[in-house]
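Participant: Numbering-wise, the sequence shown is residues 2 to 188 according to the numbering used here. The C-beta atom is built at its ideal place from N, Cα and C for all residues, glycine as well.
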Amino acid sequence: MTNTKNNVRSIVLCALFAALSAVGAFIKIPLPVIPMTLQFFFVALSGILLGPRRGLLSQLCYLLVGLAGFPVFTKGGGVSYVFEMSFGYLIGFVFAAFVIGTVYRKLESRGFVGMLVACLCGMLTNHFFGCLHMYLLSNFYLHSAMSFWRVIQIGSITFLPSDSVACLLTALIASKVVPLLKRAGLV
């Protein structure tokens, strides 16, 4: 009975964070190439609160729901979304949640500092996948030559301030919420 209860809890939490990532896609500040959203905040929370495996699963669920055609991404959904400049960040969310959860679990400091370090590692992971996809799409599909340095300027440096704030907020909120959830036996 306990395994069934834990499995149901895991499924519900993964679905919840997939839904929160979808909601975060629509809270946005429009920018020329890639809009700024609250998605990374929810990705980071999923990594810290759910751990590496369930955090990854929650973001993979979000990605697959969007690719299946449900309009949960910032500009809609469907398989053709792989040709959007921002798609690499969506792939990056899956790996970022895993990295955040893994780094957080391995650090000795499980408080604010540990959470912040884990979130920053996840942010860099997400930026890597976003920039890599943008570079490959620009240079090999769109045939509009863009240097990797230019891609980093557009796809990473632009978002460092907002994503760093998201990391700070995530670490601040999670450092208050995690002890409460542990006392309640939810994590």
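1. Report the rounded CA-to-CA distance for residue 105 versus residue 119, giving the unit in angstroms.
2. Within 8 Å, do at least three Cβ pairs link the stretch 40-56 to the stretch 113-129?
3. Determine, using beta carbons only, whether residue 6 comes closer than 7 Å to chain B.
4. Smallest Cα separation from residue 108: which of 52, 19, 16 and 183?
5. Identify whether residue 6 lies in helix, strand or coil by the three-state DSSP scheme.
6. Per DSSP, residue 177 is paired with what?
7. Under the rule that 16 or more other beta-carbon atoms within 10 Å means buried, what is residue 12, buried or exposed?
8. To which residues does DSSP link residue 37 through a beta bridge?
9. What are the uninterrupted segments assigned as beta strand (DSSP E) that are 3 or more residues long and contained completely in the stretch 25-108, given in chain order?
10. Check for me: the alpha helix (DSSP H) holding residue 112 runs from which residue to which?
11. Are residue 57 and residue 98 close, meaning C-beta to C-beta below 7 Å?
12. I believe residue 87 touches residue 75 by the beta-carbon criterion, under 8 Å. Please report the beta-carbon distance rounded to the nearest angstrom.
13. What do you get for residue 112, buried or exposed, if any count of 16 or more other CB atoms within 10 angstroms of its CB means buried?
14. Using CA coordinates, which residue listed in 177, 124, 150 and 54 is at the minimum distance from residue 91?
15. Using only the alpha-carbon positions, how far apart do residue 39 and residue 167 sit?
16. Among the residues of its own chain, which have a CB less than 7 Å from the CB of residue 172, if the five just before and after it don't count?
17. Ignore the nearest five residues each way along the sequence and tell me which others in residue 18's own chain have a CB closer than 6 Å to its CB.
18. Could you pull the start and end residues of the alpha helix (DSSP H) that residue 156 belongs to?
19. Where does residue 166 sit, in a helix, a strand or coil, going by DSSP?
Facilitator: Reading it off the structure:
1. Within the sequence shown, residue 105 is the residue found at index 104, counting from 1. Within the sequence shown, residue 119 is the residue found at index 118, counting from 1. Cα to Cα, the separation comes out at about 5 Å.
2. With the rule of 3 Cβ pairs closer than 8 Å, the stretch 113-129 counts as touching the stretch 40-56.
3. Judged by its chain identifiers, the structure shown contains no chain B, having just a single protein chain.
4. If you number the sequence shown from 1, residue 108 lands on position 107. Nearest of 52, 19, 16 and 183 to residue 108, Cα basis: 52.
5. Reading the sequence shown from its first residue, position 5 is the one you call residue 6. In this structure, residue 6 counts as helix in the three-state DSSP scheme.
6. Counting from 1 along the sequence shown, the entry for residue 177 is found at position 176. DSSP lists no partner for residue 177.
7. One-based indexing of the sequence shown puts residue 12 at position 11. Exposed.
8. Start at 1 with the first residue of the sequence shown, and residue 37 comes out as number 36. DSSP output for residue 37 lists 30 as bridge partner(s).
9. none
10. As a working note, residue 112 is residue 111 in the sequence shown. Neither: residue 112 is in no alpha helix (DSSP H) and is coded neither H nor E.
11. Looking up residue 57 in the sequence shown gives position 56. Looking up residue 98 in the sequence shown gives position 97. In contact: residue 57 and residue 98 (Cβ atoms closer than 7 Å).
12. Looking up residue 87 in the sequence shown gives position 86. Looking up residue 75 in the sequence shown gives position 74. Indeed, because the Cβ distance is near 7 Å, the residues count as touching under 8 Å.
13. For the purposes of this step, residue 112 is taken as the residue at position 111 of the sequence shown. Exposed is the call here.
14. The residue labelled residue 91 in the question sits at position 90 within the sequence shown. Comparing Cα-Cα distances from residue 91 to each of 177, 124, 150 and 54, the minimum goes to 124.
15. Along the sequence shown, read from residue 1 onward, the residue named residue 39 stands at position 38. Along the sequence shown, read from residue 1 onward, the residue named residue 167 stands at position 166. So the two alpha carbons sit approximately 8 Å from each other.
16. Looking up residue 172 in the sequence shown gives position 171. The residues are 113, 116, 117 and 120.
17. Sequence index remark: in the sequence shown, residue 18 carries index 17 (1-based). Result list for residue 18: 47 and 59, in chain order.
18. Indexing the sequence shown from 1 puts residue 156 at position 155. It spans 149-156 - the alpha helix (DSSP H) in which residue 156 sits, taken as one unbroken run.
19. Within the sequence shown, the letter at position 165 stands for residue 166. In this structure, DSSP gives residue 166 a helical state, which the three-state scheme calls helix.
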